[in-house]
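Student: Just so you know, we're using the working numbering here: the sequence shown kicks off at 275 and counts up by one. Quick one: structure below, then a few questions.
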Amino acid sequence: MATLDCYDTLCVGTDADVTKVPCDQSNHNCTFLADGKPKCDPSLVGGKGVECLSGNFICSAETGSALCEYTTSSCYDNKCQGTGDSSTVYIDCDQSTNTCGIEAETGMPLCTPGNIGMGVNCTIDEVNDEYYCQNDLTTGDAVCVYPPKHDCYDTTCTGKEAFNLTVIDCDQSAN
């Protein structure tokens, strides 16, 4: 059995009471007694779960059923990399709407639509009050670029075209 990303955390019985027992199915499996009540047994292959198909997720099992919750980013990677003999192969892949995968036999990268892929979160604070996204030309890794703040600002504004001789006071350090 393939290793899954997220596993169920409950066993739900088939008995009249629909009995539930806690069960980390990453290393346990649900079995059922003759009366339909669930039992959590150790297992080398684990139990029920889901494959998330992306590296940027968190597992949620609030209801007992495994669920992949994808985290959003401010900037997304734009390439996928292969593995093994294909580890130097990169393909274009907008990960704001796609995820990277690997072709099992060749290790070639795949771009699969449907879920968001990898990225980074850019934060704004007092020091960095703006950013733009940039991607590495080879790997496609996303980075947040914070332009430097200016330490000198114009103090006047000048009109355009017919008003090009109009000049007003205008402190641009806060505008």
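Yeah, the Cβ is synthetic: ideal placement off N, Cα and C, and Gly gets one too.
What do you reckon, are the CB atoms on LYS311 and GLY338 nearer than 8 Å?
Tutor: No, the Cβ-Cβ distance between LYS311 and GLY338 is not below 8 Å.
Student: Any idea what DSSP makes of ASP428, helix, strand or coil?
Tutor: Coil, per DSSP.
Student: Return the first residue and the last residue of the beta strand (DSSP E) that ASN402 is part of.
Tutor: Premise fails: ASN402 is in no beta strand (DSSP E) and is neither H nor E.
Student: Have a look at PHE450 and GLY323 and give me their C-alpha separation to the nearest angstrom.
Tutor: Look at the range of the chain in this structure, 275 to 449, and you will see that residue 450 is not part of it.
Student: Kindly indicate the opening and closing residues of the beta strand (DSSP E) around THR412.
Tutor: No beta strand (DSSP E) contains THR412, which DSSP labels as neither H nor E.
Student: Of all the options ASP428, CYS418 and CYS444, which has the alpha carbon lying nearest to the alpha carbon of SER347?
Tutor: Of the candidates ASP428, CYS418 and CYS444, the one whose C-alpha sits nearest the C-alpha of SER347 is CYS418.
Student: What does DSSP give as the partner residue(s) for PRO312 in the beta ladder?
Tutor: The partner list for PRO312 (beta bridge, DSSP) reads PHE306.
Student: How about CYS374 and CYS354: are their beta carbons less than 8 Å apart?
Tutor: Yes, the Cβ-Cβ distance between CYS374 and CYS354 is below 8 Å.
Student: Over what stretch of residues does the beta strand (DSSP E) that includes ASN372 continue unbroken?
Tutor: First-last of the beta strand (DSSP E) with ASN372: 372-376.
Student: Can you tell me which of CYS297, CYS304, CYS407 and LEU318 puts its alpha carbon nearest to the alpha carbon of ASN395?
Tutor: The candidate whose alpha carbon is nearest that of ASN395 is CYS407.
Student: Just mark CYS285 as buried or exposed, buried being the case when its beta carbon has 16 or more other beta carbons within 10 Å.
Tutor: Its Cβ being crowded by 16 or more others within 10 Å, CYS285 is buried.
Student: Quick check on the DSSP output: the beta strand (DSSP E) that includes TYR420 runs from which residue to which?
Tutor: From DSSP, TYR420 is part of no beta strand (DSSP E); its letter is neither H nor E.
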